[in-house]
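**Q** In the working numbering, the protein residues as written are 17 to 750.
For every residue, glycine included, the Cβ atom is placed at its ideal position computed from N, Cα and C.
Take this structure first; my questions come after.
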DNA sequence: TAAACCGTTGTTTTT
DNA sequence: CAACGGTTTA
């Protein structure tokens, strides 16, 4: 096949280090790429280069972190060499593979993908069935437990065998039941997509072998954020040809709560003997001031391989740090500054606003609204979580997978059609007894005793509706959604004052569906549902739309903008309070270091201008609370950073030091009672053993008094070292 | 069965 | 301040 040969186009403009990575030949390759060092460029150009070298497009698999990044990479490769390569996320790659092959594991290919909320609902029902105490066995806690286990590739059986104690054994028990429920419903959760793929590879070597033959090259972006199952999948795929390219930056690892393992990157050379390593330390994105500031901050991380990024760019404008009375004043200032940047010639899409949590978007949105500055909150996941969208998806899902009990439970009485809790409970009992799905139980409901004729009628009506819907031609998803809406009177059956809101959500959903129909004429209903299940927030961001994007720091990874605003640099927000809970001292704390990396990711997104803001007061759950400046602000250098009036420079007056701040934080959060187990003399002296309602037992390793209060460091048996600050009256004898 | 009410609870980040 | 679960009442 004749190919337009353009090697000069592919390697032109690359630096030596970039070219070394792009043109590397056979064998494992690790590209440690600092922020802004052209990492995406290296991957796309490497793929293009490989194709130029004669590798068939079909023999390349590239994995990115989001679908949007995948689309972008595919587009860029196509622009370079005119060929379409396979780029996807781990999850969608696995989903597609499993649709083809999961029958080998005795499962049906029309499986439903459950999101976290679906999973929690399943667990909630199990916890109820088992009559467990819902505070010890909170569904969310159990879900987190299962998630951690799955990230470690540990099955329910394994957990049951290794469980220590009653609580742990119960967790494992629920895990086992959860797996059963999902199997009954023919559903997979996010983690299962990865785990079932691994299971398939080990139980059906012929499938793995076929994939290994096919993939001459495997390329994985953002390797620092891969978890163990993903690492194993990448490893499996490259098994025959041993051509794996991993690209990543340990300083940007921000998903440890989802099982991401920095070790996958750090120990890459041991896992793949003979690895060639290319390090990219030159930054082509950010001004000198921005890069120096970000570097100064990240340098405070202890668990880190030192790396010094250098930029060729000018120092540029100073970074602006500003403090405001509250988050509304903060938002207003951000909007005003953004407006000025636009007047100076920046376009709206060159500007971005980042925050730690989605809750923070509201005040900034409001301010942008007041100034009539177009903006868009990047939050597709939030949209798909809307009740209306989940309802409609459940209707569609049940058509694809009639065994999906979770979807059936969601819609059997939505809108209300007279099928109440008691009727549903009877259906569940019948389904369990006859080993049927709930829909089958509905079908056979006339044989059920103890159902009122009213309930019978309602069930018959639902069954009729289901049958009518399933007979419709599923060619266009939008047409199907419209039929669901029409036949259920979905919008009309809401209270009149809600109908406008519901209609709006429905219309946006219909827009998404139509767009899917247009782009994937052959995709079908199952394809749509799969895509909907695997969206990330940024996937829904329209980068073309002329509006300032607002997004979380997590979503910002991999993007860049001329001007960046990071809001809410406050203790408890960034770093987030959850990260401060276990360890408040020093920087040996992994959770705190991840928060710092998050800040680092945010700062390094900026090309020319960086604005960092915080507020004195923040409204948390309806209550206004004092907010302290983030400790990360103290870590910024003085040079190249302009602190606006009202904003004190680091350490000014000697009162804003780290210790005092930590104290105040602890004072607020950690005032709890402590029991002394043994030890005489000074009640809170070193060596005294204590018991804490949350942390359990431990031994005091450091103690001092602060006025009427005590500051102690305790080494807890199960939780490690924790610093506590407590008033004397909060301490009681054993 | 469904609406209305009340109390509890939690509360980051997202494939 | 939500959202959710459970209870009571029509």
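Comparing C-alpha positions only, which one of 189, 425, 320 sits nearest to residue 456?
**A** Counting from one through the first chain, the residue named residue 456 turns up at place 440. Minimum Cα distance to residue 456 is reached at 425.
**Q** Can you list, in chain order, the stretches of the beta strand (DSSP E) that have 3 or more residues and sit fully within the region 245-276?
**A** 260-264
**Q** Where do the ends of the alpha helix (DSSP H) carrying residue 60 lie?
**A** Within the first chain, the letter at position 44 stands for residue 60. Membership of residue 60 in the alpha helix (DSSP H) is indicated by the continuous run 55-68.
**Q** Would you mind sorting residue 119 into buried or exposed? The rule is 16 or more other CB atoms within 10 Å of its CB.
**A** Along the first chain, read from residue 1 onward, the residue named residue 119 stands at position 103. Taking every protein chain shown into account, the CB of residue 119 has fewer than 16 other CB atoms within 10 angstroms, so this residue is exposed.
**Q** Quick one: give me the first and last residue of the alpha helix (DSSP H) that residue 155 is part of.
**A** Translated into positions along the first chain, residue 155 becomes position 139. Its alpha helix (DSSP H) spans residues 155-167.
**Q** Our contact map puts residue 400 next to residue 548 with C-beta atoms below 8 Å; I'd like the distance itself, whole angstroms only.
**A** Looking up residue 400 in the first chain gives position 384. Looking up residue 548 in the first chain gives position 532. Rounded, the Cβ-Cβ distance is 6 Å, consistent with contact.
**Q** Could you pull the DSSP bridge partners for residue 216 from this structure?
**A** Within the first chain, the letter at position 200 stands for residue 216. In DSSP, residue 216 forms no bridge with anything.
**Q** Since residue 656 and residue 430 should fall inside the 8 Å C-beta cutoff, what is the C-beta to C-beta distance between them, to a whole number of angstroms?
**A** Reading the first chain from its first residue, position 640 is the one you call residue 656. Reading the first chain from its first residue, position 414 is the one you call residue 430. Not a contact, Cβ separation roughly 56 Å.
**Q** Contact check, residue 467 vs residue 439 under 8 Å by CB: the rounded distance?
**A** By 1-based counting over the first chain, the position of residue 467 is 451. By 1-based counting over the first chain, the position of residue 439 is 423. The pair is a contact, with the Cβ atoms about 6 Å apart (cut-off 8 Å).
**Q** Distance, Cα to Cα, residue 227 vs residue 260?
**A** Your numbering for residue 227 matches position 211 in the first chain. Your numbering for residue 260 matches position 244 in the first chain. Near 14 Å, if we compare the C-alpha coordinates of residue 260 and residue 227.
**Q** Please name the residue, chosen from 646, 171, 498, 617, that lies closest to residue 631 on a Cα-to-Cα basis.
**A** If you number the first chain from 1, residue 631 lands on position 615. The residue with the shortest Cα to Cα distance from residue 631 is 646.
**Q** Straight-line CA distance for residue 593 to residue 732?
**A** Against the first chain, residue 593 aligns to sequence position 577. Against the first chain, residue 732 aligns to sequence position 716. One Cα belongs to residue 593, the other to residue 732, and the distance between them is close to 20 Å.
**Q** Report the residue from 591, 486, 516 whose alpha carbon sits nearest the alpha carbon of residue 2.
**A** The structure shown does not extend to residue 2, since the chain is modelled only from 17 through 750, so no value can be given for it.
**Q** Where does residue 221 fall in DSSP's three states?
**A** Start at 1 with the first residue of the first chain, and residue 221 comes out as number 205. Helix.
**Q** Could you tell me whether any non-hydrogen atom of the ligand ZN is closer than 6 Å to the CB of residue 552?
**A** No copy of the ligand ZN appears in this structure; indeed no ligand is present at all.
**Q** What residue range is occupied by the uninterrupted alpha helix (DSSP H) comprising residue 413?
**A** For the purposes of this step, residue 413 is taken as residue 397 along the first chain, with counting starting at 1. Taken as a continuous stretch (DSSP letters only), the alpha helix (DSSP H) holding residue 413 covers 403-416.
**Q** Using a threshold of 7 Å, state whether the C-beta atoms of residue 77 and residue 182 are closer than that.
**A** Residue mapping note: residue 77 aligns to position 61 of the first chain, counting from 1. Residue mapping note: residue 182 aligns to position 166 of the first chain, counting from 1. Between residue 77 and residue 182, the C-beta gap is not smaller than 7 Å, which leaves the two residues out of contact.
**Q** I'd like the ranges of any beta strand (DSSP E) spanning at least 3 consecutive residues and lying wholly in the region 63-138.
**A** 76-80, 102-105, 128-130
**Q** Locate the alpha helix (DSSP H) running through residue 595, then write down its first and last residues.
**A** Stepping through the first chain from its first residue, residue 595 is reached at position 579. Run containing residue 595: 593-596, per the alpha helix (DSSP H) assignment.
**Q** In this structure, how does DSSP classify residue 714 when only helix, strand and coil are distinguished?
**A** Here residue 714 refers to the residue found at position 698 when the first chain is read from its first residue. DSSP places residue 714 in strand when its eight states are reduced to three.
**Q** Just how far apart, CA to CA, sit residue 618 and residue 211?
**A** The count along the first chain starts at 1 and reaches residue 618 at position 602. The count along the first chain starts at 1 and reaches residue 211 at position 195. Near 32 Å, if we compare the C-alpha coordinates of residue 211 and residue 618.
**Q** Looking at residue 86 and residue 265, is the spacing between their C-beta atoms short of 7 Å?
**A** Counting from 1 along the first chain, the entry for residue 265 is found at position 249. Counting from 1 along the first chain, the entry for residue 86 is found at position 70. In this structure, residue 86 does not lie closer than 7 Å to residue 265 by Cβ.
**Q** How long is the line joining the alpha carbons of residue 408 and residue 532, rounded to whole angstroms?
**A** By 1-based counting over the first chain, the position of residue 408 is 392. By 1-based counting over the first chain, the position of residue 532 is 516. Looking at the two C-alpha atoms, the distance is approximately 15 Å.
**Q** Please confirm if the region 182-200 is in contact with the region 216-231, defined as three or more CB-CB distances below 8 Å between the two stretches.
**A** no
**Q** Taking DSSP as the reference, what is the three-state secondary structure of residue 565?
**A** Here the question's residue 565 lines up with position 549 in the first chain. Correct three-state label for residue 565: strand.
**Q** Between the region 279-289 and the region 235-250, do at least 3 Cβ pairs fall closer than 8 Å?
**A** In this structure the region 279-289 touches the region 235-250; the number of beta carbon pairs closer than 8 Å is three or more.
**Q** Could you spell out the range, first to last residue, of the beta strand (DSSP E) harbouring residue 392?
**A** Translated into the one-based positions of the first chain, residue 392 becomes position 376. Where residue 392 is concerned, the enclosing beta strand (DSSP E) stretches over 391-393.
**Q** Check the DSSP bridge columns for residue 622 and list the partner residues they point to.
**A** Taking the first residue of the first chain as position 1, residue 622 is located at position 606. DSSP, once it has assigned bridges, lists 577 as partnering residue 622.
**Q** Are residue 372 and residue 584 touching if we call contact CB-CB under 7 Å?
**A** As a first step, residue 372 is located in the first chain; it is residue number 356 there, counting from the start. As a first step, residue 584 is located in the first chain; it is residue number 568 there, counting from the start. Yes, the pair counts as a contact, with Cβ atoms nearer than the cut-off.
**Q** Buried or exposed, going by whether 16 or more other CB atoms sit within 10 Å of the CB of residue 178?
**A** Counted from its first residue, the first chain places residue 178 at position 162. With fewer than 16 other Cβ atoms within 10 Å, it is exposed.
**Q** Counting pairs of beta carbons, one from the region 620-628 and one from the region 574-588, are three or more of them closer than 8 Å?
**A** yes
**Q** Once you ignore the five residues that flank residue 665 on each side, which residues in its own chain have a CB closer than 6 Å to its CB?
**A** Numbered from 1 along the first chain, position 649 holds the residue referred to as residue 665. For residue 665, the predicted model reports a pLDDT of 48, less than 50, meaning its position is unreliable; a value from the coordinates is still stated below. Only 659 meet the Cβ criterion.
**Q** Hey, residue 275 and residue 167 are a contact pair by Cβ (cut 8 Å); roughly how many whole angstroms apart?
**A** Start at 1 with the first residue of the first chain, and residue 275 comes out as number 259. Start at 1 with the first residue of the first chain, and residue 167 comes out as number 151. Yes, they are in contact, since the Cβ atoms of residue 275 and residue 167 sit about 3 Å apart, within 8 Å.
**Q** Quick one, are the C-beta atoms of residue 475 and residue 446 less than 7 Å apart?
**A** For the purposes of this step, residue 475 is taken as the residue at position 459 of the first chain. For the purposes of this step, residue 446 is taken as the residue at position 430 of the first chain. For residue 475 and residue 446, no; Cβs fall outside 7 Å.
**Q** Which residues bound the alpha helix (DSSP H) around residue 193?
**A** Here residue 193 refers to the residue found at position 177 of the first chain. Here the alpha helix (DSSP H) through residue 193 covers 181-200.
**Q** Which residue comes first and which comes last in the alpha helix (DSSP H) that contains residue 371?
**A** The sequence position of residue 371 within the first chain is 355, counting from 1. First-last for residue 371: 367-371, but that is the beta strand (DSSP E), not the alpha helix (DSSP H).
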